[in-house]
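Residue 470 is where the sequence shown starts when you use the numbering used here, and the numbers rise one by one after that. No residue lacks a Cβ here, since even glycine has one placed at the ideal position from N, Cα and C. What follows is a single structure, written as structure tokens, with notes after it.
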Amino acid sequence: MAGSSPSPLPRALANPGQWCWFNAVLQALASINDPRWWEILRSVLEESHEEGSGSCEAPKDLPACLASVLLYINNEIALEPDCANSVVCNLAKAIAEECGLSSACGEQQDAHEAFIQILEALHAGLEKRQLNAILLLQRPAWDPLHPWLVRTASWARATAACRWFQELWQGTLEERRVCSACGLVKVDVCSSRQAFRCLSLDMLQGGQLSFSIDLAGLLHQSYGGKGVEEIEGLVCSRCSARATRQRCLQESLRGSLAAQQAYRRLAAFGEAIQEAEQLSLLCPAGSPEPALCRTTHFRSFRIHKAPAILTLHLRRLIHGPWGLVRLPNPVRCPAAMVLDRAKAFQSDASYALASVVSHLGTANQGHFIAHRAWHPHAQTEKEALPKSYIPLVTSGKVDLWCPVLASLRFLRSWRAGCPLRESEVQRRTWVCADDDRVFETKLWQVLSLPAAYLFVYEHCAIRDG
Numbered sequence: 470m471a472g473s474s475p476s477p478l479p480r481a482l483a484n485p486g487q488w489c490w491f492n493a494v495l496q497a498l499a500s501i502n503d504p505r506w507w508e509i510l511r512s513v514l515e516e517s518h519e520e521g522s523g524s525c526e527a528p529k530d531l532p533a534c535l536a537s538v539l540l541y542i543n544n545e546i547a548l549e550p551d552c553a554n555s556v557v558c559n560l561a562k563a564i565a566e567e568c569g570l571s572s573a574c575g576e577q578q579d580a581h582e583a584f585i586q587i588l589e590a591l592h593a594g595l596e597k598r599q600l601n602a603i604l605l606l607q608r609p610a611w612d613p614l615h616p617w618l619v620r621t622a623s624w625a626r627a628t629a630a631c632r633w634f635q636e637l638w639q640g641t642l643e644e645r646r647v648c649s650a651c652g653l654v655k656v657d658v659c660s661s662r663q664a665f666r667c668l669s670l671d672m673l674q675g676g677q678l679s680f681s682i683d684l685a686g687l688l689h690q691s692y693g694g695k696g697v698e699e700i701e702g703l704v705c706s707r708c709s710a711r712a713t714r715q716r717c718l719q720e721s722l723r724g725s726l727a728a729q730q731a732y733r734r735l736a737a738f739g740e741a742i743q744e745a746e747q748l749s750l751l752c753p754a755g756s757p758e759p760a761l762c763r764t765t766h767f768r769s770f771r772i773h774k775a776p777a778i779l780t781l782h783l784r785r786l787i788h789g790p791w792g793l794v795r796l797p798n799p800v801r802c803p804a805a806m807v808l809d810r811a812k813a814f815q816s817d818a819s820y821a822l823a824s825v826v827s828h829l830g831t832a833n834q835g836h837f838i839a840h841r842a843w844h845p846h847a848q849t850e851k852e853a854l855p856k857s858y859i860p861l862v863t864s865g866k867v868d869l870w871c872p873v874l875a876s877l878r879f880l881r882s883w884r885a886g887c888p889l890r891e892s893e894v895q896r897r898t899w900v901c902a903d904d905d906r907v908f909e910t911k912l913w914q915v916l917s918l919p920a921a922y923l924f925v926y927e928h929c930a931i932r933d934g
């Protein structure tokens with residue numbers, strides 16, 4: 470805002486030893502500007518304060534500690550020095566207990582692994598809170614009005630938090646496998662088997678390594694359906710059905726009635742057999758055993774459904790002749806990136822860079838720092854969800870309901886991403902968080918960091934102009 474005093478920089482946390490990975494991951498998580506992310510954290514923190522004896526007491530579970538620390542880093546809440554230290558210590562203890570990650574004995578952890586495990590622990594905590602809210606909702610209400618409303622509101626907030634978390638952090642891949650023998654194409658877009666929170670990219674493409682690597686091109690090469698991986702020994706259902714049918718035909722010519730019956734069933738189904746396990750169901754007792762043919766398959770991946778927060782991990786460690794070797798090649802990452810809309814199955818697949826975590830050092834030791842976009846007071850002044858709105862879940866869909874309206878009509882669902890010009894993305898304020906040191910930096914310096922290996926992109930609607 471013109472004429473106003475500059476906003477303070479985000480807070481930083483001290484590093485008592487080998488905790489640089491801890492600080493870098495927290496700064497990356499605090500760089501998210503999506504209002505749903507901060508509503509999740511606030512709802513967790515408010516519920517923790519309601520369950521605790523008082524707001525001055527530091528929370529101890531991982532979701533509440535994480536919410537407190539992230540809001541504290543972004544200057545959204547104020548904590549006394551002793552209370553802030555207690556919250557940070559409780560968060561480190563919770564991560565050590567639930568994720569098995571700690572540097573209390575001087576060991577270094579991987580920021581990418583910590584990033585993923587903290588998200589998984591947060592998701593588990595949100596699901597636990599939703600389950601507890603459902604159990605409380607099923608208890609008999611002695612008060613005819615007040616307890617039911619409180620329990621319903623708690624259940625609605627917990628359900629909305631779980632749904633928003635899935636929208637923010639979970640995407641789905643499309644796996645395509647082609648049999649080299651018969652040409653059978655199998656496509657798997659199962660949301661449970663092909664789910665991802667972070668995509669890992671190999672710097673070595675076809676055994677070749679270029680000096681400067683383009684992140685967008687590397688993503689398109691790895692997860693745009695172009696990168697082909699050869700896999701040996703996979704069972705092909707079509708080849709197995711043909712071999713089994715041929716075996717049953719030979720046995721039926723020798724007078725086996727069970728083989729003749731199995732041959733007729735297999736011939737009736739023809740190419741409709743999708744899984745090799747179905748052959749045992751079609752072959753009756755006494756018929757020949759199904760022949761499972763293992764052939765070479767060519768596999769490729771593409772993004773079927775992209776999450777609102779797209780996290781990319783660059784594999785800089787490779788196996789050399791004397792152990793692990795770290796690749797120091799610089800990577801060009803775009804400030805704004807557009808995925809293939811025809812393949813992402815969403816109307817707008819534009820992403821803006823939110824943070825970059827870099828690893829300085831060798832394959833066995835080093836130091837983590839984070840470069841992040843700084844959005845002062847963005848969640849509280851511009852894009853926060855209205856306080857009078859209570860999330861309500863109906864028919865598996867979260868809507869926003871204003872209880873003040875006499876008609877009790879439902880408002881439209883939340884849609885992420887405010888329209889931004891690409892020039893506005895370029896003008897974002899960027900800071901470098903190096904443990905307890907935070908200072909401003911330039912975007913052009915962030916886009917070509919020589920040691921960057923974890924990139925966090927946030928979905929937004931980018932318009933021309």
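Task: For Y922: DSSP bridge partner residues - done: Paired residue(s): none; Y922 is not in a bridge.
Open item on the list: Tell me the residue span of the alpha helix (DSSP H) that contains C901.
Closed with: No alpha helix (DSSP H) contains C901, which is instead part of the beta strand (DSSP E) from T898 to D903.
TODO: Give the single residue among D903, E927 and Y922 whose Cα lies nearest to the Cα of A481.
DONE: D903
Task: 8 angstroms contact criterion, which I501 and G640 should meet: CB distance rounded - done: That belief does not hold up - the Cβ atoms of I501 and G640 are roughly 15 angstroms apart, past 8 angstroms.
Open item on the list: Are the CB atoms of T628 and C708 within a distance shorter than 8 angstroms?
Closed with: no
- [ ] Assign I546 to one of three DSSP states: helix, strand, or coil.
- [x] coil
Task: Residues that DSSP places opposite R645 in a beta bridge - done: Per DSSP, V656 and S769.
- [ ] Rounded to whole angstroms, what's the CA-CA distance from C568 to E643? Just pull it up for me.
- [x] 29 angstroms
Open item on the list: Just to check my reading of the structure: C534 and L560 have Cβ atoms closer than 8 angstroms, yes? What is that Cβ distance to the nearest angstrom?
Closed with: 4 angstroms
TODO: Can you check the segment 714 to 798 for any alpha helix (DSSP H) of at least 4 residues that lies completely inside it and give the ranges in chain order?
DONE: Within the segment 714 to 798, the runs of alpha helix (DSSP H) that reach at least 4 residues and sit entirely inside it are, in chain order, 726 to 738 and 748 to 751.
Task: N-terminal and C-terminal residue of the alpha helix (DSSP H) that W490 is part of - done: C489 to A499
Task: C-beta atoms of E758 and S706 nearer than 8 angstroms - done: no
TODO: Could you tell me the distance, in whole angstroms, from the CA atom of W624 to the CA atom of C631?
DONE: If you take the alpha carbons of W624 and C631, they lie about 11 angstroms apart.
Task: W488 burial status per 10 Å Cβ neighbour count (16 or more: buried) - done: The Cβ neighbour count for W488, taken over all protein chains shown within 10 Å, is at least 16; the residue is labelled buried.
Task: Close-in-space but distant-in-sequence residues of the same chain around D671 (CB under 6 angstroms, 5 per side omitted) - done: R784
TODO: State the DSSP-derived secondary structure class of G830, mapped to helix, strand or coil.
DONE: strand
TODO: Find out if the Cβ-Cβ distance for the pair C802, F924 is shorter than 8 angstroms.
DONE: yes
Open item on the list: Taking the alpha carbon of C901 as the reference point, which residue from P485, A497 and L570 has its own alpha carbon closest?
Closed with: A497
- [ ] Check whether the Cβ atoms of V825 and F767 lie closer than 8 angstroms to each other.
- [x] no
- [ ] Report the partner residues of D671 according to the DSSP bridge assignment.
- [x] Bridge partners of D671: R784.
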